[in-house]
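Numbering (the numbering used here), first residue to last: 16 to 325. We put the CB at the ideal spot given by N, CA and C, even for glycine. Working notes, beginning with the structure itself.
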């Protein structure tokens, strides 16, 4: 694929003068791990039209963009990255309620979306309130927690192909599975989605959200930068339990550490590097495999200049 050049950036500025476009934008400022070097360019389209025109222009120039939500599931290399990052914003974070149907843009946070549903006395999104990502990222990986997943509430997704054309995809066509969807494979961009919820009691919904929030605070290291669960749940158990039983709770490589509070999380104790996290993840994977014969698969997405095989 073509690289990000000054000529490309100048063409984008001429074609989309209102578009917020940044150069050499530090990815650590956009990722919950607080790790990551500068991306060559980052655009923050504020409307569906801006997103479509930008996507089409990049396609014509042979540049494949990297779509970014809240960056809550990313580990990004420290070195400068030849990446054109698109981070939807503005009107793409809007949502509206019509009966039991909620239509929301890809940039809305799950916390805001769950609160919108609660205020409309709609139940079904309580599980999502504490997930720190955006709707687009949540659908991309079929995010879930406490027994709920996005596939349980999603009815239809409006997505955009690499040419900027829009397509409606039903939930059945979205290929939702454990921490995966077709959007992770086909390169399309989630623009918005329709969610179908159920009538509920606002007080009961609020109580459930508070209960789950308390569970998270009690069990997860929310006070430290991380990317959430580092490894996916294996078929024969739970990653956190295996890591703990392998004696790795609290184990550190530099400033990267297996959280003493929850062994399923790798945390940044301050100034952790990409290489330190990678080394720690490899040690976890090797130790768990030697102990249990189980190969843990990363849940965190690793972004860098080369392929990282785990």
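Beta-carbon within less than 6 Å of residue i's beta-carbon, same chain only, minus the 5 sequence neighbours each way: which residues are those?
i	result
residue 152	84
residue 67	179
residue 112	135
residue 311	246, 254, 300, 303
Is residue i helix, strand or coil when you go by DSSP?
i	result
residue 235	coil
residue 33	coil
residue 21	helix
residue 224	helix
residue 167	helix
residue 67	helix
residue 105	helix
residue 156	coil
residue 267	strand
residue 182	strand
residue 246	strand
residue 277	coil
residue 46	coil
residue 100	strand
residue 302	helix
residue 59	strand
residue 317	strand
residue 26	helix
residue 90	strand
residue 131	helix
residue 137	strand
residue 312	coil
residue 144	coil
residue 297	helix
residue 76	coil
For my contact list, residue i and residue j are in at a C-beta cut-off of 8 Å; report their separation, rounded to the angstrom.
i	j	result
residue 19	residue 56	5 Å
residue 211	residue 174	Not quite, the Cβ-Cβ distance comes to about 18 Å (not below 8 Å), so this is no contact.
residue 196	residue 154	6 Å
residue 283	residue 29	Not quite, the Cβ-Cβ distance comes to about 40 Å (not below 8 Å), so this is no contact.
residue 276	residue 235	7 Å
residue 294	residue 268	5 Å
residue 89	residue 316	5 Å
residue 145	residue 231	5 Å
Might you give, ordered along the chain, the residues of its own chain that have their beta carbon closer than 7 Å to the beta carbon of residue i, omitting 5 neighbours on each side?
i	result
residue 86	45, 46, 47
residue 168	139, 140, 210, 211, 212
residue 263	273, 278, 299, 302
residue 71	178, 179
residue 251	309
residue 114	none
residue 98	54, 55, 81
Say yes only if the C-beta of residue i is nearer than 7 Å to one or more non-hydrogen atoms of the ligand NAP, and no if none qualify.
i	result
residue 114	The ligand NAP is absent from the structure shown, which contains no ligand whatsoever.
Which residues does DSSP pair with residue i in a beta bridge?
i	result
residue 209	118, 171
residue 110	119
residue 81	100
residue 282	241, 272
residue 192	195
residue 38	56
residue 124	149
residue 214	137
residue 204	175
Looking only at its own chain, which residues have a Cβ that is under 8 Å from the Cβ of residue i, when we skip the five neighbours before and after it?
i	result
residue 104	35, 59, 60, 61, 122
residue 199	155, 156
residue 313	245, 246, 247, 296, 325
Using a Cβ-Cβ distance under 8 Å, would residue i count as near chain D?
i	result
residue 311	Protein chains in the displayed structure number just one, and chain D is not present.
- Query: Any contact of the segment 114-122 with the segment 137-154, i.e. 3+ C-beta pairs under 8 Å?
  - Reply: Yes: the two stretches touch, three or more of their Cβ pairs being nearer than 8 Å.
- Three or more C-beta pairs below 8 Å linking the segment 171-191 and the segment 58-72: yes
- Contact the segment 125-143 vs the segment 210-225: 3+ CB pairs below 8 Å: yes
- Using 8 Å as the threshold, is the segment 246-263 in touch with the segment 23-31, meaning 3 or more CB pairs across them? no
- Are there three or more Cβ pairs, one per stretch, closer than 8 Å when the segment 91-109 is compared with the segment 276-291? At 8 Å Cβ cutoff, the stretches touch.
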